[in-house]
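Chemist: One structure coming up, written as structure tokens, with questions to follow.
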Amino acid sequence: MIGSLRDLAPIILVIGFFQLVVLQQPLPDFIGLVVGLFCVVLGLTFFIFGLEMGLFPIGESMAHAFARKGSLFWLLAFAFALGFGTTVAEPALIAVADEAAQVAALGGMIEDSEPSRHGYASGLRYTVAFSVGLAIVLGVFRILKGWPIQYLIIAGYILVVIMTAFAPREIIGIAYDSGGVTTSTITVPLVTALGVGLASSIEGRNPMIDGFGLIAFASLTPMIFVMAYGMVI
Amino acid sequence: MSYFVQLLEICLSTVKDVIPIALIIFGFQIFVIRRPIANLKRVLIGFGYVVLGLALFLLGLEKALFPIGRLMAEQLTNPEFIRAWNDGPTDTLRWQDYYWVYIFAFAIGASTTIAEPSLIAVAIKANEVSGGSIGVWGLRIAVALGVAVGIALGTWRIVTGYPIHLFIITGYILVVLQTIKAPKMIVPLAYDSGGVTTSTVTVPLVAALGLGLAETVPGRSALIDGFGLIAFASLFPMITVMGYAQLSEWLDKRSKSRQRLTVQS
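What follows is the structure, given as structure tokens:
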């Protein structure tokens, strides 16, 4: 509780300073503000409590179970399902896809009508979800093989740079942003626990070097796929 | 009363977000692993806490922080406000005149990142896995600093109108160079920290700032230039986290070599 309050103190200070000193305006609806802040503090406390009780243990125990079972196919199927399933319904992604459809319509890449915009947006959404599923599969495969992460990620960056040169200008900003929005608050702890659990149950893997990195793949592949989507359509 | 109704609504939409995840986990557990989940009751209660916690968190943000933050982003980017602080008679604003915007971008980027739940989760895990050698606060502050620099630079880019890919590509080159030099342990974690920074708290506030700027700065289009801040916010933490590891390694080496010197003398 005190920890959560300390986590929030910087935001309160920043907003208070800008409102009172820079913009020189009174705080609107003081009681609402205090009640809201109380909710945020309480919520953060519950979230961290539940994280250690539910999300971390389930992620790790599934990783151990798959490692014991030794079936590569099912492990990769699980990885793909987790990546695809958590991304396709992500509200931030839905918002970005709708905005991208607007940009595309304005730029004359698609017809400016409701159905064509809708088709473009949902096509983009499934593309990104597919790319995140693929990213988790690739990341899990990397943990199994023990490949160093930097070669894969740097190769991905080089691909991003090359594609930037050829992709339509309007899509670039959205493509870069889509890398950041795909990983939600519930996905991150689960995927992290999965990676660390896998790395610690396979002999010869270091959980610090091999266990992290799944999120990095999940934020890289959407950039590549969104630019490809913009180039194809 | 209205709070309660809203809390229920947000709870329901959070549950809706969690359902696909729960289905995948329990589906694989039952049909593929075919083993009962250890401490099932505890795990379910944990999930309940996560959903309730996220719902309360989002409700509080929606009630208290987002409206005032968005309003602030609009007011700060308003050309009249900027003219009022720069008592020059000139009609055209130079990029220096937007300094309050950069300061706000830096401060809001750092402070929202400190409160980001998914970053807290990764920091706890990293601390556990590294056996305590990566501090929870050290990592969080390094990431927050990265987001702050990234967003401040991103707003400056919107004002000046330089193309985004120049910044991103330069950033990548820096990341590659640091990867070669930095301690091997930190590299995967640093790459991850780029993706975790931008979720519930940061994105809404930062998006409002970017769109507000792109709408009011002459010659910018909200649709083309309004995007890209998130990309900055996920690139720079990689640089600062690796920098943090490099710095602590260097300090460690220096203090060790000093100790050796005193022992020898």
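Chain order of the listed sequences is A and B.
First residue of the first sequence: 1, per this note's numbering; consecutive thereafter.
First residue of the second sequence: 234, per this note's numbering; consecutive thereafter.
All residues carry an ideal CB built from backbone N, CA and C; glycine is no exception.
#1: Within the continuous alpha helix (DSSP H) that includes R373/B, where are the two ends?
#2: Restricting to runs no shorter than 4 residues, where is the alpha helix (DSSP H) found entirely within the stretch 396-442 of chain B?
#3: Within 8 Å of any Cβ in chain A, is that where the Cβ of A478/B sits?
#4: Roughly how many whole angstroms lie between the Cα atoms of A121/A and S113/A?
#5: Between Y424/B and A216/A, is the Cβ-Cβ spacing less than 8 Å?
#6: Report the neighbours of D425/B on chain A: residues whose CB is nearer than 7 Å to its CB, in chain order.
#7: Among I263/B, L292/B and I278/B, whose alpha-carbon lies nearest the alpha-carbon of L44/A?
#8: Taking 7 Å as the cut-off, is the beta-carbon of F337/B closer than that to any non-hydrogen atom of the ligand ADP?
#9: Answer yes or no: does any C-beta atom of chain A fall closer than 8 Å to that of W333/B?
#10: Hey, out of V474/B, G459/B, Y395/B and R327/B, whose CA is closest to G368/B's CA?
#11: Does M418/B have its Cβ less than 8 Å from a Cβ in chain A?
#12: In its own chain, which residues sit with a C-beta less than 7 Å from the C-beta of G427/B, not counting the 5 before and 5 after it?
#13: Could you work out which residues of chain A lie near A340/B, taking near to mean beta carbons separated by less than 7 Å?
#14: Below 7 Å CB to CB, which residues in the same chain sit around L159/A once its five sequence neighbours on both sides are set aside?
#15: Please look up how many angstroms separate the CB atoms of G463/B and V128/A, rounded, as I've assumed it's under 8 Å.
#16: Give me the Cα-Cα distance between A218/A and I252/B, rounded to the nearest whole angstrom.
#17: Along chain A, in chain order, which residues have C-beta atoms closer than 9 Å to that of I508/B?
#18: Cutting at 7 Å between CB atoms, please list the residues of its own chain near I514/B, excluding the five before and the five after it.
#19: Between D458/B and the rest of its own chain, which residues show a CB-CB distance below 6 Å, the 5 nearest in sequence each way excluded?
#20: With G204/A as the anchor, note down where its alpha helix (DSSP H) starts and where it stops.
Modeler: Looking at the coordinates:
#1: Residue numbering aside, residue 373/B sits at position 140 when the second sequence is read from its first letter. Element bounds for R373/B: V369 to T393.
#2: 397-414 and 420-429
#3: For this step, residue 478/B is matched to residue 245 along the second sequence. Chain A contact via Cβ: absent.
#4: By one-based count along the first sequence, residue 121/A stands at place 121. By one-based count along the first sequence, residue 113/A stands at place 113. Approximately 12 Å, taken between the alpha carbons.
#5: If you number the second sequence from 1, residue 424/B lands on position 191. If you number the first sequence from 1, residue 216/A lands on position 216. For Y424/B and A216/A, yes; Cβs fall inside 8 Å.
#6: In the second sequence, residue 425/B corresponds to position 192, counting from 1. Result: F212, G213, I215 and A216.
#7: Position 44 of the first sequence, counted from the first residue, corresponds to residue 44/A. Residue L292/B is the option with its Cα nearest to L44/A.
#8: Here there are no bound small molecules, and the ligand ADP is not part of this structure.
#9: Along the second sequence, one-based indexing puts residue 333/B at 100. It does: the Cβ of W333/B has a partner Cβ on chain A nearer than 8 Å.
#10: Numbered from its first residue, the second sequence carries residue 368/B at position 135. Out of V474/B, G459/B, Y395/B and R327/B, V474/B has the C-alpha closest to the C-alpha of G368/B.
#11: In the second sequence, residue 418/B corresponds to position 185, counting from 1. Yes, M418/B lies at the interface with chain A (some Cβ there is under 8 Å from its Cβ).
#12: Here the question's residue 427/B lines up with position 194 in the second sequence. Contacts found: S467, L468, P470 and M471.
#13: On the second sequence, residue 340/B is found 107 positions in, with the first residue counted as 1. Neighbours of A340/B on chain A, chain order: V14.
#14: Within the first sequence, numbered from 1, the residue matching residue 159/A stands at position 159. Only I224 meet the Cβ criterion.
#15: As a first step, residue 463/B must be located in the second sequence, where it is residue number 230. As a first step, residue 128/A must be located in the first sequence, where it is residue number 128. Before going on, a small fix: residue 463/B reads as Ile here, not Gly. About 14 Å; that fails the 8 Å criterion.
#16: Residue 218/A sits at position 218 when you count from the first residue of the first sequence. Residue 252/B sits at position 19 when you count from the first residue of the second sequence. Those two C-alpha atoms are separated by around 20 Å.
#17: For residue 508/B there is no data in the structure shown, the boundaries of chain B being 234 and 498.
#18: Outside the shown range of chain B (234 to 498) lies residue 514/B, about which nothing can therefore be said.
#19: The count along the second sequence starts at 1 and reaches residue 458/B at position 225. Closer than 6 Å at Cβ, skipping near neighbours: I391 and A447.
#20: Numbered from 1 along the first sequence, position 204 holds the residue referred to as residue 204/A. Where G204/A is concerned, there is no enclosing alpha helix (DSSP H), given that its DSSP letter is neither H nor E.
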